[in-house]
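Enquirer:
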Amino acid sequence: MGEIIWLTVKLAGITTVLLLILATPVAWWLARSQAWWKEIVGAVVALPIVLPPTVLGFYLLLALGPDSPLMAPLQPFGIRTLAFTFEGLVIGSIIYSLPFAVQPIRNAFQAIGERPFEVAATLRASPIDAFFSVALPLARPGFLVAAILTFAHTIGEFGVVLMIGGGIPGETEVLSIEIYRLVEALEWDRAHQLAGLLLVFAFAVMLSLLLIERRTGRLRP
Amino acid sequence: MSRAPGRIEARFSGRLGDFTLDAELSTPAAGVTVLFGPSGCGKTTLLRCVAGLERLPGRLVVEGEVWQDEARFLPAHQRPVGYVFQEASLLAHLSVRRNLLFGFQRTRDEQRITLDQVVSLLGLDHLLERGVARLSGGERQRVAIGRALLSQPRLLLMDEPLASLDRARKAEVLPYLERLHSDLAIPILYVTHDPAEAARLGDRQITLSEGRTGPVIETRDDAQGARLAARLAEVGPERLFEDLCATGVPPELAQLTLAALLAGLPPWRISDGGR
């Protein structure tokens, strides 16, 4: 039980950290670019919101499997497949939660507007300097929301994990899978405990999101 | 004392959206040069071109240094200007002190203007550790001016810094602007559509209408001022305005002259320093 919770938290934690790093440049580009085709990229990033997790899981299974051309570069390192591994789950989770990280950060960048960057430029800050000294701190609430959403969404993921994880104890067996397994095995008491735990967690997540929104709404100049 | 001031020479012509700017100015890099005209005439666009925030074809030379020509466009963050926007535009995530020091810490020029100087010049003593959300409109604008000064500008650009303030706040900030003028040797390009403000702060005026610059109005002329003041007392402001326009004075300039007269300031002598 403890191992399952630890693995779930570890998966969500690693996914959140990697995704925030990955989503930041994507969100920045989507927020600032003038390219007409940027919404095509935006739509691709948002796909996991509407795509059935089993569809995503199916394609990931193919992409991470031993016959995939994407796996070829990893062959020399003795890695044939990432399907049914923890690393594979991280990759799947990153793709699955991508829109939940990109969207809040993109919104936060857009809400800053042009003016603070003009101010920074007239105060000798180069564009890169302004990104770190103005854009990132002003978009902080967006990053917080993105982190919470990504973490919670990864904790709650089921379909993708089932497809590419398979529920191997200590490797890919996470909470949502375990609840499913317990119900199948008619172990209602333990299913109750885990389901209750996730219910409380989900409530705490939503509450904190609303509180962040209220606070930043008040802080806006 | 110091060497003779250089000049600011700018020429921009081009389209920006559906607005066409065709402006030319040549003014000493000393004192306050007011860019005056009705809203939508291109004053702000011209100022933004000087700051490098907007890019239109043209040429800009400040005290012999080329900031823009056919081959060269110095990006905004490399131009030694201070820019005061119409709205204070303070950085919301920083305290007053860190807003003030934002440019100061980044400038590569010699730091002639210190935090202490700016704080006492603009009366910011009691505000330093505050967050910017808890400032009044007038306080915000004073912080914005201080922040621009601390970036050690060789040219201060001010875009209607008083326009977003009510009368009382205006009266609060205006004396600070006058002190700026008398205490610091930084040339200022000052944009306004308010003739009284233009008359009170400017050493010389350049009028703009529909994207085109008019003549430079160079110096105060007391003899002409006395004559016009007498005429004003005789016929009243409306008639004098009509008279001035009838003699070929552009309406913006007539408006300025009247504002100066009504404020008890000597009006401006018109010279052909423009185009």
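Chains as they are written, first to last, in numbering that gives the first Met the number 0: chain A, 0 to 220; chain B, 0 to 274.
For each residue, glycine too, the CB sits at the ideal point set by N, CA and C.
This structure is a prediction, so every number in the text was calculated from the model and none was measured.
So is Asp158(B) buried or exposed if we call it buried at 16+ other beta carbons inside 10 Å?
Expert: Asp158(B) should be labelled buried.
Enquirer: Do we get a CB-CB distance below 9 Å when we pair Thr44(B) with the residues of chain A?
Expert: Not closer than 9 Å to any Cβ of chain A, the Cβ of Thr44(B) fails to qualify, so no.
Enquirer: Tell me the rounded alpha-carbon separation between Tyr179(A) and Pro75(A).
Expert: Rounded to whole angstroms, Tyr179(A) to Pro75(A) spans 37 Å at the Cα level.
Enquirer: Given a threshold of 16 other Cβ atoms within 10 Å of its Cβ, counted over all protein chains shown, does Ile78(A) qualify as buried or as exposed?
Expert: By the neighbour-count rule (16 or more Cβ atoms within 10 Å), Ile78(A) is not buried but exposed.
Enquirer: So which residues of chain B does Val133(A) contact, with C-beta pairs closer than 7 Å?
Expert: Those are Leu90, listed as they occur along chain B.
Enquirer: For Ile104(A), which of Ala62(A), Ala22(A), Tyr95(A) and Thr14(A) has the nearest alpha-carbon?
Expert: Ranking the options by Cα distance to Ile104(A), first place goes to Ala22(A).
Enquirer: Counting only beta-carbon separations shorter than 9 Å, does Ala28(B) have a partner in chain A?
Expert: Not an interface residue.
Enquirer: For chain B, find out if any of its Cβ atoms is closer than 9 Å to the Cβ of Pro126(A); answer yes or no.
Expert: For Pro126(A), the answer is yes, since a Cβ of chain B falls inside 9 Å of its Cβ.
Enquirer: Assign Ala124(A) to buried or exposed, taking buried as 16 or more other Cβ atoms, counted over all protein chains shown, within 10 Å of its Cβ.
Expert: Looking at its Cβ environment, which holds 16 or more other Cβ atoms inside 10 Å, Ala124(A) is buried.
Enquirer: Quick one: what's got a C-beta closer than 6 Å to Pro56(B)'s C-beta in the same chain, skipping five residues either side?
Expert: So the qualifying residues of the chain are Gly13.
Enquirer: For Leu148(B) versus Leu161(B), is the C-beta distance shorter than 9 Å?
Expert: For Leu148(B) and Leu161(B), no; Cβs fall outside 9 Å.
Enquirer: Count the other CB atoms, across all protein chains shown, that sit within 10 Å of the CB of Lys42(B); report buried if there are 16 or more and exposed otherwise.
Expert: Buried, by the Cβ-count rule.
Enquirer: Note down, in chain order, every chain A residue with its Cβ under 7 Å from the Cβ of Tyr82(B).
Expert: By Cβ distance, chain A contributes Thr121.
Enquirer: Cβ atoms of Leu154(B) and Leu188(B): under 9 Å apart, would you say?
Expert: Yes, the pair counts as a contact, with Cβ atoms nearer than the cut-off.
Enquirer: Quick test of your reading: Pro249(B) and Thr206(B), contact by CB under 8 Å. State the CB separation rounded to the nearest angstrom.
Expert: Yes, Pro249(B) and Thr206(B) are in contact; Cβ-Cβ is about 6 Å, under 8 Å.
Enquirer: Whole alpha helix (DSSP H) runs in the region 237-264 of chain B with 4 or more residues, listed along the chain?
Expert: Within the region 237-264 of chain B, the complete alpha helix (DSSP H) runs of at least 4 residues are 250-261.
Enquirer: Establish whether the CB of Glu117(A) and some CB of chain B are separated by less than 9 Å.
Expert: So yes, Glu117(A) belongs to the interface.
Enquirer: Would you kindly work out how many angstroms separate the C-alpha atoms of Leu174(A) and Val89(A), rounded to a whole number?
Expert: The alpha-carbon atoms of Leu174(A) and Val89(A) are separated by roughly 15 Å.
Enquirer: Taking buried to mean at least 16 other C-beta atoms within 10 Å of its own C-beta, is Asp202(B) buried or exposed?
Expert: It is buried - the Cβ of Asp202(B) has at least 16 other Cβ atoms within 10 Å.
Enquirer: Determine the DSSP secondary structure at Ala70(B), reduced to helix, strand or coil.
Expert: If DSSP states are grouped into helix, strand and coil, Ala70(B) belongs with coil.
Enquirer: Buried or exposed for Arg78(B), going by 16 or more other Cβ atoms inside 10 Å?
Expert: The residue is buried, with at least 16 neighbouring Cβ atoms inside 10 Å.
Enquirer: Give the DSSP-derived three-state secondary structure of Gln109(A) in the structure shown.
Expert: Reduced to three states, the DSSP call for Gln109(A) is helix.
Enquirer: How far does the beta strand (DSSP E) with Ile7(B) in it reach, from first residue to last?
Expert: It spans Arg6 to Leu15 - the beta strand (DSSP E) in which Ile7(B) sits, taken as one unbroken run.
Enquirer: Check the Cβ-Cβ distances between Ala283(B) and every residue of chain A, and say whether any is below 9 Å.
Expert: An answer regarding residue 283(B) cannot be provided, because it is not within the stretch 0 to 274 covered by chain B.
Enquirer: Should Ser92(A) be labelled buried (16 or more other beta-carbon atoms within 10 Å of its own) or exposed?
Expert: The residue in question, Ser92(A), is buried, as its Cβ has 16 or more Cβ neighbours within 10 Å.
Enquirer: List, from N- to C-terminal side, the beta strand (DSSP E) runs of 3 residues or more that fit wholly inside the region 117-174 of chain A.
Expert: Runs of the beta strand (DSSP E) inside the region 117-174 of chain A: none found.
Enquirer: Quick one: does Pro136(A) have its CB under 9 Å from some CB of chain B?
Expert: Yes, its Cβ sits closer than 9 Å to a Cβ of chain B.
Enquirer: Taking the alpha-carbon positions, what's the Ile111(A) to Ala138(A) distance?
Expert: One C-alpha to the other measures close to 7 Å.
Enquirer: Excluding the 5 residues flanking Gly64(A) on each side, which residues of the same chain have their C-beta closer than 6 Å to its C-beta?
Expert: Contacts found: Thr80 and Ala82.
Enquirer: Could you list which residues in chain A have their beta carbon closer than 7 Å to that of Thr106(B), in chain order?
Expert: In chain order: Arg123.
Enquirer: Verify the CB distance criterion: does Arg114(A) have a CB-CB separation below 9 Å to chain B?
Expert: Chain B, which has a Cβ nearer than 9 Å to the Cβ of Arg114(A), makes this yes.
Enquirer: Looking at chain B, is there any beta carbon in it that lies within less than 9 Å of the beta carbon of Arg214(A)?
Expert: So no, Arg214(A) is outside the interface.
Enquirer: Determine whether the Cβ of Arg2(B) lies closer than 9 Å to any Cβ atom of chain A.
Expert: Because the pLDDT of Arg2(B) is 49, which lies under 50, any placement of that residue in the model is unreliable, and the number read from its coordinates should be weighed accordingly. Judged by the 9 Å Cβ criterion, Arg2(B) is not in contact with chain A.
Enquirer: Are Thr191(B) and Leu45(B) touching if we call contact CB-CB under 9 Å?
Expert: Cβ atoms of Thr191(B) and Leu45(B): not closer than 9 Å.
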